[in-house]
Amino acid sequence: MNLNNLTHEESNILELLKTVMDPEVAVNVVDLGLIYEVHHNPDSKNIHVLSTLSTRGCPLGDTIMENIRVVIANKYPEYNVDVELTWEPEWNPDMITREGRIAID
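When we follow the working numbering, the leftmost residue of the sequence shown carries the number 3, and every step to the right adds one.
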């Protein structure tokens with residue numbers, strides 16, 4: 003996971019992703035720890051997000067991934083948005099942020 007040293011625009015994208023919820027637990031994908039990397043390249047007009055899901059069999063996985071792409075594409079229509087799914091490292095509950103834990107409780 004590499005959410006350190008984000009540019010200003012990458013931080014804005016990460017904040018935007020807090021509007022994307024996992025419908026099963028009603029917590030956003032950032033606070034669940036599902037977002038591993040965000041890359042913004044203004045020269046090539048590309049935004050790349052590396053993310054995961056809480057389980058490989060997540061029934062709403064396709065919906066969550068598409069919602070990530072759509073929320074970014076709506077804010078950055080001139081960009082190509084690539085949302086890549088990874089299983090490494092495997093997600094675990096320790097990845098949930100403090101804010102996410104509060105929302106779950």
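For each residue, glycine too, the CB sits at the ideal point set by N, CA and C.
Annotation: the continuous beta strand (DSSP E) that includes residue 51 extends over 48-53.
CA-to-CA, the gap between residue 43 and residue 9 works out to about 10 Å. For secondary structure counted as the beta strand (DSSP E) over 3 or more consecutive residues, the region 53-91 holds these complete runs in sequence order: 82-87. Counting C-beta atoms within 10 angstroms of its own C-beta, residue 82 has fewer than 16 neighbours from the protein chains shown and is therefore classed as exposed. Shown here for residue 76: not one same chain residue has a beta carbon closer than 8 Å to its own, the five before and five after excluded. When only Cα atoms are considered, residue 13 and residue 50 end up about 13 Å apart. The C-alpha of residue 56 is placed about 7 Å away from the C-alpha of residue 94. As the crow flies, the alpha-carbon of residue 62 is around 31 Å from that of residue 46.
The continuous alpha helix (DSSP H) containing residue 14 extends over residues 10-19.
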